[in-house]
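Last residue of the sequence shown? That's 512 in numbering that gives the first Met the number 0, and every number before it is there in order. Beta carbons: idealized from backbone N, C-alpha and C, even for Gly. What follows is one structure encoded as structure tokens, with my remarks underneath.
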Amino acid sequence: MGYARTTTVCMVGASAVTVTVEASVFKSSSKGADTVRMSGLPDNVVNQAQTRVRSAMANSALRFPDKSISVNFAPASVPTTGSAADLALAVTIMCADDLLPAERLADAVLLAELGLDGSLRAVPGTLPALMEARRSGVRTAIVAPENAAEASMVEDLTILAPRDLATLVAWVFGQTPLDPVPRRPAPEPPRLPDLSDVRGQPLARRALEIAAAGGHHMLMIGPPGAGKTMLAERLPSILPPLSDAEAVEVTSLHSLRGRFTGGAAALLHHAPFEAPHHSITVQALVGGGTGSVGPGSLALAHRGVLFIDEAPEWPRAVLDSLRQPLESGEVRIRRANTSISYPAKVTLVLAANPCPCAPNRPTDCTCPPLKRRGYLTRISRPLMDRIDLRVHLPPVPPSAILTDLTEGEPSGSVAKRVLRAREAAASRWAESGEPWGVNSEVPGPALRSARWRLPPPVRKHVDDLLVKERITARGYDRVLKLAWTIADLREHGSPTADDVAEAGELRLGYPLR
């Protein structure tokens, strides 16, 4: 009886787990019992790997053992999903049957899908998987050529990328050299759309700056061509760049979606921007679905912007699926055998026309009054209650387009104010021993506590809104959060009455009377 083991990595949600693939090959006493039995928690894709391994070995001039084979994925309590363990399974079986010496692969992690022709194929999640492998002490990684660029982002790890199983076997026997993949210089970061392109819309620009400074959610209402999409696309350009740890976290989520297969790859140091189509399903938006559970658009927008255009046209159930993740900052997906979570701290930006016919001028509207009033109510009240900023955009006047006006303030200038405001908020909460990074993360009870409660004259505007039931209790807390962000942008030590009044107007979407 022969025994061998190799190492691979399994992704459980956004977490990577190092998995040992064990194989025991032995002659069975039962005639015709040359089968492969797998133990642990392999999914259907893993169970089907034996078919891919048999064919890949046959087409690589390698002999699959004519014996009984027991395979175990350890820890047995960790769900083993996807095809990333194919290569490790094939190599372990060959080592267990003494077809391949295991010494040269003792400190290597194997991460690739096998094609029926023996080729090594790319798998998603290579970056987080190899970072976990490096933490566990592995110093060599064998991946598919299409994953080589992504794998090379992991420091202190030798990357080998054979084109097929036969090449790997020849390298193990010393018959073919296999050069390590060189670390490539990071490509130039993409140029983000700039706010200087936006003409007019001073109120929307102001709201966008506040949203960036405090991490507040925003709704823009205006006719087609008013600049709603244009403004949303420029929000990442005024958000602070991601730290190294944040860049790894965000890039790993995009890796799980296979977005770095092929060409150059680099850590994402800018805030991501996701704008899913209105036909998207709940599973595609928040994650989940049948088979392997991957991150949805919400998680892919982590530490960036999720833009929902034409929000009233979206199915209500899809939009309402955002409610819990917006509060908790993560997506939780529960299955029978496991619970999976993805980080999802996003700035949500909704855009909507004022009515279904979407005229350029309000006087041109052809919608019946009842239909016009009910259009925005397609967005549920609980979701709307989580939107801090509501801005009405007027049509862009022809003069703004035809006249050679001076460009608007560029993103670089706005980004500096946003960064100073964020640093002021982070410093304030850190000195208080609190973990909050931006004002939108501060719980309402904390802002209403004795330590942070604003004096009655300062909060009079928001108190009146609550007494007159023009805002909910949640809305009251969110006005206070907005006021603190506005104060940080104005470099006030704490909100003034004017800061609170502006916050109330931005919350309601119209001036206070």
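Asked	Found
Min CB distance residue 271 to chain D below 8 Å	In the structure shown, chain D does not exist; there is a single protein chain.
Spatial neighbours of residue 396 in its chain, beta-carbon cut-off 8 Å, leaving aside the 5 residues before and after	199
Residues near residue 141 in its chain [Cβ-Cβ closer than 6 Å; skip 5 each side]	107, 109, 159
Whole runs of the alpha helix (DSSP H) within the region 186-270, excluding any shorter than 4 residues	201-213, 227-232, 243-255
Of the listed residues 439, 393, 325, nearest to residue 481 (C-alpha basis)	439
Given residue 21 as reference, the closest of 204, 13, 329, 71 once Cα atoms are compared	71
Where the beta strand (DSSP E) through residue 71 begins and ends	67-73
Reduced DSSP secondary structure (H/G/I, E/B, other) of residue 84	coil
Stretch pair the region 453-470 + the region 179-199: three plus CB contacts closer than 8 Å	no
Residues that DSSP places opposite residue 333 in a beta bridge	338
Entirely enclosed beta strand (DSSP E) segments - the region 88-145, minimum 3 residues	107-110, 139-142
Short Cβ contact (8 Å threshold) for residue 149 with residue 119	no
For residue 287, the residue or residues it bridges with in DSSP	293
Bounding residues of the beta strand (DSSP E) (the contiguous stretch that carries residue 4)	1-11
Inter-residue Cα distance where the pair is residue 99 and residue 278	50 Å
Given residue 81 as reference, the closest of 59, 96, 117, 40 once Cα atoms are compared	40
Residue 89 versus residue 425 - alpha carbon distance	51 Å
For residue 300, the nearest candidate out of 292, 321, 417, 315 (CA to CA)	321
Length-filtered (4 minimum) alpha helix (DSSP H) runs lying within the region 351-425	368-374, 380-383, 397-401
Touching by the beta-carbon criterion (3+ pairs, under 8 Å), the region 34-50 and the region 132-146	no
Per DSSP, cross-strand counterpart(s) of residue 14	11
Identity of the residue in 508, 257, 105 nearest residue 293 by Cα	257
Inter-stretch contact at 8 Å, needing at least 3 Cβ pairs: the region 56-75 / the region 348-357	no
Residues bridged to residue 37 [DSSP beta-bridge criterion]	70
CA nearest to the CA of residue 447, picked from 498, 436, 462, 434	462
Opening and closing residue of the beta strand (DSSP E) in which residue 157 lies	157-159
Cβ pair residue 513, residue 86 closer than 8 Å	Past the boundaries of the shown model lies residue 513; the chain is included only from 0 to 512, so the question cannot be answered.
Length of the line joining the Cα atoms of residue 473 and residue 370	28 Å
Buried versus exposed call for residue 487 [16 or more other C-beta atoms within 10 Å across all chains shown]	buried
C-beta atoms of residue 515 and residue 350 nearer than 8 Å	Given that the chain is displayed from residue 0 to residue 512, the structure contains no residue 515 and the question cannot be resolved.
Same chain, Cβ closer than 6 Å to residue 479, five either side skipped, listed in chain order	446
Local Cβ density within 10 Å of residue 341, reported as buried at 16 or more and exposed below that	buried
Cα-Cα separation, residue 188 to residue 508	36 Å
Beta-carbon proximity check, residue 235 vs residue 345, cutoff 8 Å	no
Contacts around residue 180, its chain only, beta-carbon distance under 6 Å, and the 5 residues preceding and following it disregarded	147, 151, 158, 160
As assigned by DSSP and simplified to three states, the class of residue 472	helix
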